[in-house]
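Novice: This note's numbering puts the first residue of the sequence shown at 37, with every later residue one more than the last.
This is the structure, below, for whatever I ask next.
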Amino acid sequence: MTDAPPFSRRVRVDALSAEGLSQTIEASPDERAALAALNRLPAIASLTAAFAVRRSGHGGVRVTGEVHAEVTQLCVASLEPFAATVEEPVDVRFAPAEDARPLRRDGDDGDETVEVGGEDPPDPIVDGKIDLGALAAEFFALGLDPYPRKPGVAFDAPETQGGRDSPFAALAKPKTKR
């Protein structure tokens, strides 16, 4: 069994020219089906990403661009499927593995200092490559609404049942000393 990502477009960092690279990638029907299953979506009609990959710093790379997708989501209120659009900006730095954020290992105490409002540490360049497909899939997932609601659908709270008290009604009453 392999742990291959469902959407992968690897780019060699050392092959980048001084001007960098502008690249648009598009997920195939099989890749979209795999990403839909991974993100528990009924369907992904299209998924594209436009990236500018530029050299940055000492052997590093900066990727900027945008991910765009047309998806079908399920409404959290009515469970009806509906069409939605995902547009997510991308701005990520990559650095050689020795300069990038450390990977967590078993036994780490978990203490990590994070600067609030600061820039994220760079992601690692693995084997001299970065994966634009995996980056697009990550930002696609981040751009999904975690509680999608179909336009025009309102949540109506159920009415109380025949004047019966809720099972929690006793908790709302003030306590009396015995």
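Just so it is clear, CB atoms sit at the ideal spot from N, CA and C, and this is done for glycine as well.
Rounded to whole angstroms, what is the Cα-Cα separation between P158 and S92?
Specialist: Stepping through the sequence shown from its first residue, residue 158 is reached at position 122. Stepping through the sequence shown from its first residue, residue 92 is reached at position 56. For P158 and S92, the distance between alpha carbons rounds to 11 Å.
Novice: Helix, strand or coil, according to DSSP, for G96 in the structure here?
Specialist: The residue given as residue 96 occupies position 60 in the sequence shown. Strand at G96.
Novice: Which two residues bound the contiguous beta strand (DSSP E) that contains L57?
Specialist: Position 21 of the sequence shown, counted from the start, is the residue given in the question as residue 57. First-last of the beta strand (DSSP E) with L57: L57 to E62.
Novice: So, helix, strand or coil for D163, using DSSP?
Specialist: As a position in the sequence shown, residue 163 is number 127, starting the count at 1. DSSP places D163 in coil when its eight states are reduced to three.
Novice: Do A54 and V103 come within 9 Å of each other at the CB atom, strictly closer than that value?
Specialist: Walking along the sequence shown from the start, residue 103 turns up at place 67. Walking along the sequence shown from the start, residue 54 turns up at place 18. The answer is no: Cβ separation not under 9 Å.
Novice: Please classify G154 as buried or exposed, where buried requires at least 16 other C-beta atoms within 10 Å of its C-beta.
Specialist: To locate residue 154, count along the sequence shown from 1; it is residue 118. Its Cβ having fewer than 16 others within 10 Å, G154 is exposed.
Novice: Which residue's Cα is closest to the Cα of S82: A73, V89 and E67?
Specialist: Against the sequence shown, residue 82 aligns to sequence position 46. It is E67 whose Cα lies nearest to the Cα of S82.
Novice: For G188, which option in P78, V112, A177 and P210 has the closest C-alpha, if you only look at C-alpha atoms?
Specialist: Against the sequence shown, residue 188 aligns to sequence position 152. Per the Cα distances, V112.
Novice: In three-state terms, what does DSSP make of A208?
Specialist: Locating residue 208 in the sequence shown gives position 172, counting from the first residue. The answer is helix: DSSP assigns A208 an H, G or I state.
Novice: Classify R68 as helix, strand or coil using the three-state DSSP reduction.
Specialist: By 1-based counting over the sequence shown, the position of residue 68 is 32. Looking at R68 - three-state DSSP - the assignment turns out to be helix.
Novice: Quick one, are the C-beta atoms of P132 and I161 less than 9 Å apart?
Specialist: Here residue 132 refers to the residue found at position 96 when the sequence shown is read from its first residue. Here residue 161 refers to the residue found at position 125 when the sequence shown is read from its first residue. Cβ distance < 9 Å, so P132 and I161 count as in contact.
Novice: Roughly how many angstroms lie between the CA atoms of E106 and S58, to the nearest whole one?
Specialist: Residue 106 sits at position 70 when you count from the first residue of the sequence shown. Residue 58 sits at position 22 when you count from the first residue of the sequence shown. E106 and S58: Cα-Cα distance of roughly 22 Å.
Novice: I'd like to confirm the pairing. Which residues does DSSP put opposite A86 in its beta bridges?
Specialist: Start at 1 with the first residue of the sequence shown, and residue 86 comes out as number 50. A86 is bridged to T60 and E102.
Novice: Can you have a look at L139 and say buried or exposed, based on whether 16 or more other CB atoms are within 10 angstroms of its CB?
Specialist: Within the sequence shown, residue 139 is the residue found at index 103, counting from 1. Any answer about L139 is weak, because its pLDDT of 47 lies below 50 and its placement is not dependable; what the coordinates show is given next. That one is exposed.
Novice: Drop a sphere of 10 angstroms on the beta-carbon of L168, count the other beta-carbons inside from all chains shown, and report buried for 16 or more, exposed for fewer.
Specialist: Mapped onto the sequence shown, residue 168 falls at position 132. The residue in question, L168, is buried, as its Cβ has 16 or more Cβ neighbours within 10 Å.
Novice: Let me know if R48 comes out buried or exposed under the rule of 16 or more other beta-carbons within 10 Å of its beta-carbon.
Specialist: On the sequence shown, residue 48 is found 12 positions in, with the first residue counted as 1. Looking at its Cβ environment, which holds fewer than 16 other Cβ atoms inside 10 Å, R48 is exposed.
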